[in-house]
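Novice: From first to last, the protein sequence lines are chains A and B.
Be aware that the first sequence starts at 1, since it is given in the working numbering, and climbs by one per residue.
Be aware that the second sequence starts at 273, since it is given in the working numbering, and climbs by one per residue.
Even glycine gets a Cβ: it sits at the ideal position worked out from N, Cα and C.
Predicted model only: the values in this text are computed from it and were never measured.
So that we are looking at the same thing, I have put the structure below in structure tokens.
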Amino acid sequence: MLEIDGLTRHFGGTRAVDGVSLRIPDGQMVGVIGRSGAGKSTLLRLINRLVEPTAGSIRFGGRDVSTLRGQALRDWRTGCAMVFQQFNLVQRLDVLTNVLIGRLNHRRGALAHLASLFAHFSAAERATALATLDRFDLLGTALQRADTLSGGQQQRVAICRALMQQPRILLADEPIASLDPQNARVVMDALRQVNRQDGLTVLVNLHHLDTARAYCDRIVAMQQGRVMFDGAPGELTADRVAMIYGVSEAEFHGHAAPLTGSGIAMPAGALA
Amino acid sequence: MSRALSADEVAAWRSRMPAAFAPAGAARAWRLFWAAAFLAWLATTLWWFGVTPPRLWNGLWGLGVIIRQMVPPSPGEQWVEILRGLAESVAMAFLGTAIAAFVAIPLGFLGARNVATNMLFRFSLRRVFDGFRGIDQLIWALAYVRAVGLGPLAGVLAIATADIAVLAKLYAEAIENAERRQIEAIAAAGGSPTLVMRFGILPQVAPIMLGHALYFFESNTRSATILGVVGAGGIGLQIAERIRVRYWDEVAFIILLMVVTVMAIDWISSRIRRRLIGA
């Protein structure tokens, strides 16, 4: 169980996350929706402790994780793997090494640390990485450099890296915002597979309500750092969306009302 | 993938994709060969120059004696001369770098692959840069002292000549790494080649150019010192004279002044960079 209480983060005068409280049971797939700047990313980064909270607490399995330091903090981060919008693979390393990065914090002791510095990984670790890549249909790319892969492939490699951490929670920050619809579907399917088969808790930030409705058990809608809705996808009706955001669902997605003829004034004969 | 793989499964993966476990035989042998060649080269040069522990030890001892004579540093009696020489060195570095930084801008554009598309022209220009870069500042200084006589003018010309080629090469590389999409947009909007350079490339590379120029100014302040030794103006002559008569305390004073000057320039140039680049 992930318990978030009164979590707040200020950046200068703006409150990116403002008193958020959530209870997320193990194994749930939660979609966090909201427009850009609603505080979705900051919320996920607060949980991974990439951003420090201004106030409030985060507890996991009864333990306060918002004050951890040093090795305990690194262990917590390994336990709640991050997947980023821009994939954040190390472009000049090959895919296999990128995936093996997920094992770094599992290797203990000065000697293992030295081996890591020289990028020496055991046969068992390499085999596990290959098996993970194979599971997402990426085995053929294992020895290619990460920057030779398409966006959809890179995001799946990022998911493999996350799984190699053997996390309890997967935090996905806008994982499909940079992908085309086809690849977006493949990546969302991969996240759901991880949630259903491995039993990981998945928190995924999404732009689109439809994606959240199709994949998530629960939807959290944010606006200006606050949670405005928290419930099953079925409860988030068009009326609720209009109430929370003050616009229709189509407008929420940025499809502005159709232009009514006026358009942009053109100099006469400019295109003649 | 939380379950650990059994030894058999690991072996199966190894036989399915051996390249993922260790570099192939040829690649491994090649790596070992280069490692051995590097070590052999290192050992040969050490042997050639007779680098032995006792020689290093005696050298360090001699250096220790000199450092003891430097304490406490003293300005001597000619401190006005020293300050004048230092100011002259900084002025030489500034003038020489400024000339080089401006002349190198058009040359950098001409030497960039994405601007000068004529292969033969670009290739020849780049080889000319290489030629100029092959000649050190000090050699230029010796030549200019004969050509224009003793004094700071020779130093300024030496700094400018030596740096034009280096800066032009660095500028050309920065221009080649400029993002194509932004350049394309200016061309697509109907911009002429010159205007594409002005609005598509220059905004991208200007901060890099400025950064290089400021770094060269700082570096030239240091190297302008040595130009004085060959008579090309600046503080160098004063240091050389004092070393000849072993006034190490006065040498130390000048060195400290130079360190402070370079630190001040570094501080100012980092302020300028932050102000103009916004980073």
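Please list the partners that Leu96 of chain A has in chain B, where partner means a Cβ-to-Cβ separation under 8 Å.
Specialist: Working through the first sequence from its first residue, we reach residue 96 of chain A at position 96. Simply Ala292.
Novice: Does the distance from the CB of Gln91 of chain A to the CB of Asp147 of chain A come in under 8 Å?
Specialist: Reading the first sequence from its first residue, position 91 is the one you call residue 91 of chain A. Reading the first sequence from its first residue, position 147 is the one you call residue 147 of chain A. Against a cut-off of 8 Å, the Cβ pair of Asp147 of chain A and Gln91 of chain A comes out as a contact.
Novice: Take Thr97 of chain A as the anchor and find which of A:Ala110, A:Leu117, A:Cys216 and A:Ala232 has the nearest alpha-carbon.
Specialist: The sequence position of residue 97 of chain A within the first sequence is 97, counting from 1. Closest option to Thr97 of chain A, Cα to Cα, is A:Leu117.
Novice: By Cβ distance below 7 Å, which residues in the same chain neighbour Ala184 of chain A in space, the five residues on each side in sequence not counted?
Specialist: Position 184 of the first sequence, counting from 1, holds the residue named residue 184 of chain A. If we look at Ala184 of chain A and ignore the five residues flanking it on each side, its Cβ neighbours are Ile176.
Novice: Taking the Cβ atom as the reference point for each residue, do Val194 of chain A and Ile159 of chain A lie within a distance shorter than 8 Å?
Specialist: Taking the first residue of the first sequence as position 1, residue 194 of chain A is located at position 194. Taking the first residue of the first sequence as position 1, residue 159 of chain A is located at position 159. Cβ atoms of Val194 of chain A and Ile159 of chain A: closer than 8 Å.
Novice: Using CA coordinates, which residue listed in A:Arg156, A:Arg226 and A:Arg213 is at the minimum distance from Thr132 of chain A?
Specialist: The residue given as residue 132 of chain A occupies position 132 in the first sequence. For the residues A:Arg156, A:Arg226 and A:Arg213, the minimum Cα distance to Thr132 of chain A belongs to A:Arg156.
Novice: Sort out for me which residues DSSP pairs Leu7 of chain A with in a bridge.
Specialist: Counting from one through the first sequence, the residue named residue 7 of chain A turns up at place 7. The partner list for Leu7 of chain A (beta bridge, DSSP) reads A:Val20.
Novice: Compute the Euclidean distance between the alpha carbons of Asp210 of chain A and Arg303 of chain B, then round it to the nearest angstrom.
Specialist: What you label residue 210 of chain A is simply residue 210 of the first sequence in a count that begins at 1. What you label residue 303 of chain B is simply residue 31 of the second sequence in a count that begins at 1. Approximately 53 Å between the Cα atoms of the pair.
Novice: Return the Cβ separation of Asp5 of chain A and Ser41 of chain A in integer angstroms, given the expectation that the two are a contact with Cβ distance under 8 Å.
Specialist: Indexing the first sequence from 1 puts residue 5 of chain A at position 5. Indexing the first sequence from 1 puts residue 41 of chain A at position 41. Going by Cβ atoms, the distance from Asp5 of chain A to Ser41 of chain A rounds to 20 Å, so no, they are not a contact pair.
Novice: Using the C-alpha atoms, what's the distance from Cys80 of chain A back to Pro25 of chain A?
Specialist: Mapped onto the first sequence, residue 25 of chain A falls at position 25. Mapped onto the first sequence, residue 80 of chain A falls at position 80. Approximately 14 Å between the Cα atoms of the pair.
Novice: By how many angstroms is the C-alpha of Ile515 of chain B removed from the C-alpha of Phe489 of chain B?
Specialist: Walking along the second sequence from the start, residue 489 of chain B turns up at place 217. Walking along the second sequence from the start, residue 515 of chain B turns up at place 243. Between Phe489 of chain B and Ile515 of chain B, the C-alpha separation is close to 26 Å.
Novice: Please tell me whether Ile436 of chain B and Val375 of chain B are closer than 8 Å, where the distance is taken between their beta carbons.
Specialist: Numbered from 1 along the second sequence, position 164 holds the residue referred to as residue 436 of chain B. Numbered from 1 along the second sequence, position 103 holds the residue referred to as residue 375 of chain B. A contact, by the Cβ cut-off of 8 Å.
Novice: What residues from the segment 158-186 of chain A come within 9 Å of chain B, judged by C-beta to C-beta, listed N to C?
Specialist: Cys160, Leu163, Met164 and Gln166
Novice: Arg543 of chain B to Leu486 of chain B, Cα distance in whole Å?
Specialist: The count along the second sequence starts at 1 and reaches residue 543 of chain B at position 271. The count along the second sequence starts at 1 and reaches residue 486 of chain B at position 214. Those two C-alpha atoms are separated by around 11 Å.
Novice: With DSSP as the reference, please indicate the residues paired to Val187 of chain A in a beta bridge.
Specialist: Indexing the first sequence from 1 puts residue 187 of chain A at position 187. Beta-bridge pairing links Val187 of chain A to no other residue.
Novice: Applying the 10 Å Cβ sphere with the 16-neighbour rule, what's the burial state of Ala384 of chain B?
Specialist: The residue given as residue 384 of chain B occupies position 112 in the second sequence. Ala384 of chain B comes out buried.
Novice: Closest to Ala426 of chain B by CA distance: which of B:Glu445, B:Ser361 and B:Ala373 is it?
Specialist: As a first step, residue 426 of chain B must be located in the second sequence, where it is residue number 154. When each option's Cα is compared against that of Ala426 of chain B, the closest is B:Ser361.
Novice: Would you verify that the beta carbon of Ala131 of chain A is, or is not, closer than 8 Å to some beta carbon of chain D?
Specialist: The structure shown contains no chain D; the protein chains it does contain are A and B.
Novice: With a Cβ-Cβ cutoff of 8 Å, do Ala172 of chain A and Gly34 of chain A count as a contact?
Specialist: As a first step, residue 172 of chain A must be located in the first sequence, where it is residue number 172. As a first step, residue 34 of chain A must be located in the first sequence, where it is residue number 34. In this structure, Ala172 of chain A sits away from Gly34 of chain A, with a CB-CB distance that is not shorter than 8 Å.
Novice: Using the beta-carbon of each residue, which ones in chain B are nearer than 8 Å to Ala142 of chain A?
Specialist: As a position in the first sequence, residue 142 of chain A is number 142, starting the count at 1. Met289 and Ala292, listed in chain order.
Novice: Decide if Ser66 of chain A is buried, meaning its Cβ has at least 16 other Cβ atoms within 10 Å, or exposed.
Specialist: On the first sequence, residue 66 of chain A is found 66 positions in, with the first residue counted as 1. Label assigned to Ser66 of chain A: buried.
Novice: I need the straight-line Cα distance from Val312 of chain A to Leu73 of chain A, nearest angstrom please.
Specialist: Absent from the model: residue 312 of chain A. The displayed extent of chain A is 1 to 272, so no value can be given.
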